[in-house]
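Visitor:
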Amino acid sequence: MHRFTMRHCASLSVLLSLTAMMCRADDTCPDVKLVGVGGSEKLAILRGCPGLPGVAGIQGIKGPDGPEGVKGSPGIPGKMGPAGIKGEKGNQGPQGEKGDNGVPGVPAAGTAQNCKELMDYGASVSGWYTVYISNGMPITVLCDMDTDGGGWLEKLMVFQRRSDGSVDFFRDWNSYKRGFGHQSSEFWLGNDHIHQLTSSGKYNLRVDLTDFNDVLTHATYSDFRILSESDKYNLTLGSFLSGTMGDSLSGHKNAPFSTKDRDNDSHATGSCANAYKGGWWYTACHGSNLNGLYLRGNHSSYADGVNWYSGKGHNYSYKISEMKMRPQT
Numbered sequence: 001m002h003r004f005t006m007r008h009c010a011s012l013s014v015l016l017s018l019t020a021m022m023c024r025a026d027d028t029c030p031d032v033k034l035v036g037v038g039g040s041e042k043l044a045i046l047r048g049c050p051g052l053p054g055v056a057g058i059q060g061i062k063g064p065d066g067p068e069g070v071k072g073s074p075g076i077p078g079k080m081g082p083a084g085i086k087g088e089k090g091n092q093g094p095q096g097e098k099g100d101n102g103v104p105g106v107p108a109a110g111t112a113q114n115c116k117e118l119m120d121y122g123a124s125v126s127g128w129y130t131v132y133i134s135n136g137m138p139i140t141v142l143c144d145m146d147t148d149g150g151g152w153l154e155k156l157m158v159f160q161r162r163s164d165g166s167v168d169f170f171r172d173w174n175s176y177k178r179g180f181g182h183q184s185s186e187f188w189l190g191n192d193h194i195h196q197l198t199s200s201g202k203y204n205l206r207v208d209l210t211d212f213n214d215v216l217t218h219a220t221y222s223d224f225r226i227l228s229e230s231d232k233y234n235l236t237l238g239s240f241l242s243g244t245m246g247d248s249l250s251g252h253k254n255a256p257f258s259t260k261d262r263d264n265d266s267h268a269t270g271s272c273a274n275a276y277k278g279g280w281w282y283t284a285c286h287g288s289n290l291n292g293l294y295l296r297g298n299h300s301s302y303a304d305g306v307n308w309y310s311g312k313g314h315n316y317s318y319k320i321s322e323m324k325m326r327p328q329t
């Protein structure tokens with residue numbers, strides 16, 4: 001029989017009371033539970049108030065790296081850094097293509113009135129130059145420094161040129177007055193300019209014609225001049241000097257200029273300009289028609305091509321036509 005006396009009960013009551021008081025002083029203490037009393041008269045009590053924290057343990061081993069996070073938004077650009085050191089000079093590149101020939105030099109402004117004077121000043125290369133007409137106005141002309149000893153003012157700029165049919169010559173009075181066409185192909189310089197150029201003195205005229213077999217022929221004249229618009233750009237012409245294609249211009253001497261909208265010819269009926277499709281010094285009607293249609297050699301239509309009657313007749317249209325002038329010596 002167990003020896004569990006009243007003295008033991010009193011001791012147990014005191015112990016439980018003290019324990020309860022201590023636990024109430026600290027609400028974090030868990031409840032005290034009586035598990036049981038064995039035959040050895042020992043009291044087993046589980047889980048009292050926690051003791052003081054123990055010493056921190058040794059740091060554990062580092063775990064494996066986690067997966068890479070999502071890339072964040074780019075930050076604000078920083079300030080530009082200082083310029084770097086200048087690099088070394090690179091190797092020279094390959095030579096470029098040769099450029100086009102420039103415009104030949106000219107004498108001082110206002111000094112040359114024609115290509116002959118330019119040549120006297122030292123110009124020797126055929127090309128585009130500026131000359132100054134009687135009123136001091138500059139005109140750009142193409143000077144031929146080679147043909148017949150040089151000094152010819154080539155009609156490609158100063159008078160007339162036909163070469164490929166790219167420009168329409170069947171035009172009105174104002175077009176022939178002002179001039180039209182392109183420097184690189186065909187054009188008419190303009191009756192006003194031709195008048196102003198020929199008013200400064202006496203000029204020789206040269207006409208060059210090339211057929212479609214590339215045979216070149218020519219004709220030259222003295223005392224070439226064109227009067228003003230008030231005189232209907234009347235053609236003043238001296239003598240036929242020489243040539244290999246005969247004279248088909250003297251018959252137009254003293255004739256006024258006519259166009260499709262200005263009939264100044266001497267034909268009794270109709271308009272020569274409209275009948276033969278050009279602008280020219282028509283009489284009744286023509287022996288030459290260098291501003292007619294570009295018809296490329298033999299043609300069945302009558303006298304409406306680039307014709308020179310004493311050369312190949314009224315049914316042959318020349319490949320190239322050029323008219324040039326220079327001061328008469």
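Mapping the sequence shown onto UniProt numbering, position 71 (from 1) lands on 71, and the numbers just tick up by one. Positions of the beta carbon are idealized from the N, C-alpha and C atoms, including for glycine.
Is D265 closer than 8 angstroms to C272 when the C-beta atoms are compared?
Guide: It is a contact, given that the beta carbons lie within the stated cut-off.
Visitor: Any Cβ of chain D within less than 8 angstroms of the Cβ of K312?
Guide: Absent here is chain D; the protein component of the structure consists of one chain.
Visitor: What are the start and end residues of the beta strand (DSSP E) that includes E322?
Guide: Element bounds for E322: I320 to P327.
Visitor: My assumption, with CB atoms under 8 angstroms, is that K202 sits in contact with N191. Please give the rounded CB distance.
Guide: Not quite, the Cβ-Cβ distance comes to about 19 angstroms (not below 8 angstroms), so this is no contact.
Visitor: Among N135, L293 and C115, which has the Cα closest to the Cα of Y276?
Guide: Measuring from the Cα of Y276, the nearest candidate turns out to be L293.
Visitor: In whole angstroms, what separates the C-alpha of V35 from that of D65?
Guide: Here V35 scores only 49 on pLDDT, less than 50, and its place in the model should not be relied on; the value that follows carries that caveat. Roughly 48 angstroms separates the two Cα atoms.
Visitor: Residue range of the beta strand (DSSP E) that residue 330 falls in?
Guide: Any question about residue 330 goes unanswered here, given that the chain covers just 1 to 329.
Visitor: Here's a check: name, in chain order, each residue in its chain whose Cβ is nearer than 7 angstroms to the Cβ of S166, leaving out the five neighbours to either side.
Guide: For S166, where only same-chain residues beyond five positions count, the Cβ hits under 7 angstroms are S185 and E186.
Visitor: Give me the Cα-Cα distance between G279 and F169, rounded to the nearest whole angstrom.
Guide: Distance between the alpha carbons of G279 and F169: 7 angstroms.
Visitor: Helix, strand or coil for S175 per DSSP?
Guide: Looking at S175 - three-state DSSP - the assignment turns out to be helix.
Visitor: For Y302 and H193, what's the separation of their Cα atoms in angstroms?
Guide: Answer to the nearest angstrom: the Cα atoms are 31 angstroms apart.
Visitor: When the Cα atoms are used, what is the spatial distance from E322 to Q95?
Guide: Computed Cα separation, rounded: 39 angstroms.
Visitor: So the alpha helix (DSSP H) S310 belongs to, where does it begin and stop?
Guide: Here the alpha helix (DSSP H) through S310 covers Y309 to K312.
Visitor: Thinking just about the alpha-carbon of each residue, which of G311, W173, D164 and G179 is nearest to the one in G140?
Guide: According to the sequence as given, residue 140 is Thr; it is not Gly. With distances taken between Cα atoms, T140 lies closest to G179.
Visitor: Any contact of the segment 126-145 with the segment 245-263, i.e. 3+ C-beta pairs under 8 angstroms?
Guide: As far as the Cβ criterion goes, the segment 126-145 does not touch the segment 245-263, which means the pair count is below three.
Visitor: The alpha helix (DSSP H) that contains F275, what's its start and end?
Guide: Note that residue 275 corresponds to Ala in the displayed sequence, not to Phe. First-last of the alpha helix (DSSP H) with A275: C272 to Y276.
Visitor: What is the DSSP secondary structure of L52, reduced to helix, strand or coil?
Guide: Correct three-state label for L52: coil.
Visitor: Since I believe H252 is in contact with L235 (beta carbons under 8 angstroms), could you give me their beta-carbon distance rounded to a whole number of angstroms?
Guide: Going by Cβ atoms, the distance from L235 to H252 rounds to 6 angstroms, so yes, they are a contact pair.
Visitor: In the DSSP assignment, find the alpha helix (DSSP H) that holds D120 and state where it starts and stops.
Guide: Element bounds for D120: C115 to D120.
Visitor: With A219 as the anchor, note down where its beta strand (DSSP E) starts and where it stops.
Guide: Element bounds for A219: L216 to I226.
Visitor: For a quick check, are the C-beta atoms of L295 and S310 less than 8 angstroms apart?
Guide: Not closer than 8 angstroms, so no.
Visitor: Measuring CB to CB, does H267 end up less than 8 angstroms from C285?
Guide: For H267 and C285, yes; Cβs fall inside 8 angstroms.
Visitor: Buried or exposed: where does L52 fall if 16 or more other Cβ atoms within 10 Å of its Cβ makes it buried?
Guide: Flag for L52 reads exposed.
Visitor: Excluding the 5 residues preceding and the 5 following Q59 in the sequence, name in chain order all residues of the same chain whose CB lies nearer than 8 angstroms to its CB.
Guide: Taken in chain order, the list of residues that qualify is empty.
Visitor: With respect to the beta strand (DSSP E) encompassing L290, which residues constitute its N-terminal and C-terminal limits?
Guide: First-last for L290: undefined, no H or E at that position.
Visitor: Find out if the Cβ-Cβ distance for the pair G297, S248 is shorter than 8 angstroms.
Guide: No. Outside cutoff.
Visitor: Could you tell me the alpha carbon to alpha carbon distance between T220 and L197, rounded to whole angstroms?
Guide: Each residue's Cα considered, the two are about 18 angstroms apart.
Visitor: CB-CB under 7 angstroms to S163, same chain, minus the five flanking residues each way: which ones, in chain order?
Guide: Correct list, in chain order: S185, E186 and I320.
Visitor: Kindly indicate which residue of G54, Q183, H182 and W188 has the alpha-carbon position closest to the one of residue 333.
Guide: The shown model of the chain, from 1 to 329, leaves out residue 333, and the question about it has no answer.
Visitor: Taking its Cβ as the centre, do 16 or more other Cβ atoms sit within 10 Å of D144, making it buried, or is it exposed?
Guide: By the neighbour-count rule (16 or more Cβ atoms within 10 Å), D144 is buried.
Visitor: Sort out for me which residues DSSP pairs L209 with in a bridge.
Guide: DSSP lists T217 and S321 as partners of L209.
Visitor: Tell me S242's beta-bridge partners as DSSP assigns them.
Guide: Bridge partners of S242: T220.
Visitor: Give every residue of the same chain whose Cβ lies closer than 6 angstroms to the Cβ of D223, excluding the five residues on either side of it in the sequence, and list them in chain order.
Guide: Cβ neighbours of D223 beyond the five flanking positions: K202 and G238.
Visitor: Do the CB positions of Y233 and L241 come within less than 8 angstroms of each other?
Guide: Not a contact, by the Cβ cut-off of 8 angstroms.
Visitor: How many Å lie between residue 330 and M325 at the Cα?
Guide: Here the chain covers residues 1 to 329 and nothing more, so residue 330 does not appear.
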